[in-house]
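**Student:** Below you'll find the structure I mean.
In our numbering, the protein residues as written are 61 to 412.
Encoded structure:
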């Protein structure tokens, strides 16, 4: 059998020509030849096995960066990698299922979580070792935790402060748990309008924002940009937010692996921020249940960009309380050079 056209090869492999062109562009499945006159991609029949494996892995949702790694392994190692990936998917699906159940119970009035909790918290906001100004802002209270990171330049500090100032009244508001997400969504829309209204001439300041708002044992999370929220629960550290950056979008598309993303020169380029884009910002919103023993961390990228996940985990787990935790995290940031402003909030959930 001779070379197959891209259409014939796509049908035999269970892929689309569009997918094959993408896999060629990223070096995952280059054609055997390209017709010099028409530019058509041509494939060897022997490439079908790899193509069918890629098609199967895509159908289970595996990112392209991981597929590239699997395709470079022997059969036994590849099977182990697929199994490990699916265990992660199953764990994530279970977590989403628990959240769905929580939402159903909350919205239908069947919420039976009656335990009382309170927050013990500490906050630090430092300029760092290099920057002359501080564009970060942070706030912590009994019900509201927030961090914001303004764009470097004129108006950045005012933008981050303004975003948190809009949220501050929520600290004293009597908010039913069922209204948390809506209230936060409205507040962030107000903050976005406030930041947009602070433009001076051609300069439009922008800011990220990550905040948690509590009502009883419920915590609503709102997030825009690359500030982050984490929770340490049962000794395990989980990231609650996903960065709204150009590099993270490449990771989501499978074009970059996690290690490549961490070293990418454009890793701080935002694709979402308050004051940026069209007429309004799209914020991520989520609802979770706070459990006594949880330790939450909100921080700017001045911390998360210089301390990796294991370092954050160790510092949070070792600290006796929030004050010790924020001091340890800031000390570690300075030890790593503190090239950016550093804002962090640590809050412990304790039984009332």
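Glycine is no exception: its CB is placed at the ideal position from the N, C-alpha and C atoms.
(1) State the start and end residues of the unbroken alpha helix (DSSP H) segment that holds residue 394.
(2) Can you give me the C-alpha to C-alpha distance between residue 393 and residue 359, rounded to a whole angstrom?
(3) Tell me the DSSP secondary structure of residue 298 in three-state form.
(4) Under the rule that 16 or more other beta-carbon atoms within 10 Å means buried, what is residue 67, buried or exposed?
(5) Touching or not, the segment 135-147 and the segment 82-99, by the rule of three or more beta carbon pairs under 8 Å?
(6) In the segment 94-122, which residue ranges form an unbroken beta strand (DSSP E) of at least 3 residues, counting only runs that do not cross its ends?
(7) With DSSP run on the structure shown, which of helix, strand or coil describes residue 228?
(8) Where does residue 363 sit, in a helix, a strand or coil, going by DSSP?
(9) Ordered along the chain, which non-local residues of its own chain (more than five positions away) have a Cβ less than 6 Å from that of residue 399?
(10) Whole angstroms is fine: what's the gap from residue 293's alpha carbon to residue 409's?
(11) Could you tell me how far apart the beta carbons of residue 406 and residue 355 are, in whole angstroms, since I believe they sit closer than 8 Å?
(12) Give the secondary structure of residue 197 by DSSP, where H, G and I count as helix, E and B as strand, and everything else as coil.
(13) Please classify residue 403 as buried or exposed, where buried requires at least 16 other C-beta atoms within 10 Å of its C-beta.
(14) Quick one: what's got a C-beta closer than 7 Å to residue 304's C-beta in the same chain, skipping five residues either side?
(15) Near residue 56, what residues of its chain come up, given a Cβ to Cβ distance below 8 Å and the 5 sequence neighbours on each side ignored?
(16) If we count the other Cβ atoms within 10 Å of its Cβ and call it buried at 16 or more, is residue 341 buried or exposed?
(17) In angstroms, rounded to a whole number, what distance separates the CA positions of residue 204 and residue 397?
(18) Is residue 221 helix, strand or coil when you go by DSSP?
(19) Please state whether DSSP places residue 268 in a helix, a strand or coil.
(20) Would residue 194 and residue 187 qualify as a contact pair, given that the criterion is a beta-carbon distance under 8 Å?
(21) Just to check my reading of the structure: residue 251 and residue 227 have Cβ atoms closer than 8 Å, yes? What is that Cβ distance to the nearest angstrom?
(22) Specify the secondary structure class of residue 171 as computed by DSSP and reduced to three states.
(23) By a C-beta neighbour count over all protein chains shown, 10 Å radius and 16 as the cutoff for buried, is residue 133 buried or exposed?
(24) Are the CB atoms of residue 248 and residue 269 within a distance shorter than 8 Å?
(25) Residue 300 and residue 350 look like a contact to me (Cβ under 8 Å); what is the Cβ gap, rounded to whole Å?
(26) Would residue 219 pass as a contact of residue 255 if the rule is Cβ separation under 8 Å?
(27) Select from 146, 69, 246 the residue whose C-alpha is nearest the C-alpha of residue 109.
(28) State yes or no: is the C-beta of residue 109 nearer than 7 Å to some heavy atom of the ligand NAP?
(29) In three-state DSSP terms, what is residue 406?
(30) Reducing DSSP to helix, strand and coil, say where residue 341 ends up.
(31) Go ahead and pull the three-state DSSP assignment for residue 189.
(32) Rounded to whole angstroms, what is the Cα-Cα separation between residue 173 and residue 277?
(33) So, are the CB atoms of residue 128 and residue 74 less than 8 Å apart?
**Tutor:** Reading from the atomic positions:
(1) For the purposes of this step, residue 394 is taken as the residue at position 334 of the chain shown. Where residue 394 is concerned, the enclosing alpha helix (DSSP H) stretches over 382-395.
(2) In the chain shown, counting from the first residue as 1, residue 393 sits at position 333. In the chain shown, counting from the first residue as 1, residue 359 sits at position 299. Cα to Cα, the separation comes out at about 12 Å.
(3) Translated into the one-based positions of the chain shown, residue 298 becomes position 238. Collapsing the DSSP output to three states places residue 298 in a strand.
(4) Counted from its first residue, the chain shown places residue 67 at position 7. Within 10 angstroms of the beta-carbon of residue 67 lie fewer than 16 other beta-carbons, which makes it exposed.
(5) Touching, no.
(6) If we require 3 residues or more, the beta strand (DSSP E) runs fully inside the segment 94-122 come out as 101-103.
(7) Locating residue 228 in the chain shown gives position 168, where the first residue counts as 1. Of the three classes helix, strand and coil, the one that applies to residue 228 here is helix, per DSSP.
(8) Your numbering for residue 363 matches position 303 in the chain shown. The answer is helix: DSSP assigns residue 363 an H, G or I state.
(9) On the chain shown, position 339 is the one that residue 399 refers to. Close CB contacts of residue 399 within its chain, under the 6 Å cut and outside five residues either way in sequence, are with 190 (chain order).
(10) Here residue 293 corresponds to residue number 233 of the chain shown, with the count starting at 1. Here residue 409 corresponds to residue number 349 of the chain shown, with the count starting at 1. In a straight line, the C-alpha of residue 293 is about 10 Å away from that of residue 409.
(11) For this step, residue 406 is matched to residue 346 along the chain shown. For this step, residue 355 is matched to residue 295 along the chain shown. Yes, residue 406 and residue 355 are in contact; Cβ-Cβ is about 7 Å, under 8 Å.
(12) Locating residue 197 in the chain shown gives position 137, counting from the first residue. Looking at residue 197 - three-state DSSP - the assignment turns out to be strand.
(13) Locating residue 403 in the chain shown gives position 343, counting from the first residue. Residue burial annotation: residue 403 is buried, with at least 16 other C-beta atoms found within 10 angstroms of its C-beta.
(14) Looking up residue 304 in the chain shown gives position 244. Contacts found: 284, 285, 286, 330, 331, 332.
(15) Here the chain covers residues 61 to 412 and nothing more, so residue 56 does not appear.
(16) As a working mapping, residue 341 is identified with position 281 in the chain shown. Looking at its Cβ environment, which holds 16 or more other Cβ atoms inside 10 Å, residue 341 is buried.
(17) Looking up residue 204 in the chain shown gives position 144. Looking up residue 397 in the chain shown gives position 337. Distance from the CA atom of residue 204 to the CA atom of residue 397, rounded to whole angstroms, is 30 Å.
(18) Here residue 221 is taken as the residue at index 161 of the chain shown, counted from 1. If DSSP states are grouped into helix, strand and coil, residue 221 belongs with the helices.
(19) Counting from one through the chain shown, the residue named residue 268 turns up at place 208. Coil at residue 268, not helix or strand.
(20) Here residue 194 is taken as the residue at index 134 of the chain shown, counted from 1. Here residue 187 is taken as the residue at index 127 of the chain shown, counted from 1. In contact: residue 194 and residue 187 (Cβ atoms closer than 8 Å).
(21) Within the chain shown, the letter at position 191 stands for residue 251. Within the chain shown, the letter at position 167 stands for residue 227. Right, their Cβ atoms sit about 7 Å apart.
(22) The count along the chain shown starts at 1 and reaches residue 171 at position 111. Bear in mind that a pLDDT of 48 at residue 171, under 50, signals an unreliable position, so the number given afterwards is only what the model happens to contain. In the structure shown, residue 171 sits in coil (DSSP, three-state: anything other than H, G, I, E or B).
(23) Here residue 133 corresponds to residue number 73 of the chain shown, with the count starting at 1. Residue 133 is exposed by the Cβ-count criterion.
(24) For this step, residue 269 is matched to residue 209 along the chain shown. For this step, residue 248 is matched to residue 188 along the chain shown. Cβ atoms of residue 269 and residue 248: closer than 8 Å.
(25) Locating residue 300 in the chain shown gives position 240, where the first residue counts as 1. Locating residue 350 in the chain shown gives position 290, where the first residue counts as 1. So it is not a contact: roughly 12 Å between Cβ atoms.
(26) Numbered from its first residue, the chain shown carries residue 219 at position 159. Numbered from its first residue, the chain shown carries residue 255 at position 195. By the CB criterion at 8 Å, residue 219 and residue 255 fall inside the cutoff.
(27) Position 49 of the chain shown, counted from the first residue, corresponds to residue 109. Looking from the CA of residue 109, the closest CA among 146, 69, 246 belongs to 69.
(28) Inclusion of the ligand NAP in the displayed structure is not the case, the ligand content being empty and no account of it being possible.
(29) Here residue 406 corresponds to residue number 346 of the chain shown, with the count starting at 1. Note: residue 406 maps to strand in three-state DSSP.
(30) Numbered from 1 along the chain shown, position 281 holds the residue referred to as residue 341. The answer is coil: DSSP assigns residue 341 none of H, G, I, E or B.
(31) Within the chain shown, numbered from 1, the residue matching residue 189 stands at position 129. In this structure, residue 189 counts as coil in the three-state DSSP scheme.
(32) Within the chain shown, residue 173 is the residue found at index 113, counting from 1. Within the chain shown, residue 277 is the residue found at index 217, counting from 1. For residue 173, the pLDDT reaches just 44, beneath the cut-off of 50, and the residue's location in the model is therefore unreliable, leaving the point undetermined.
(33) Indexing the chain shown from 1 puts residue 128 at position 68. Indexing the chain shown from 1 puts residue 74 at position 14. No, the pair does not count as a contact, with Cβ atoms beyond the cut-off.
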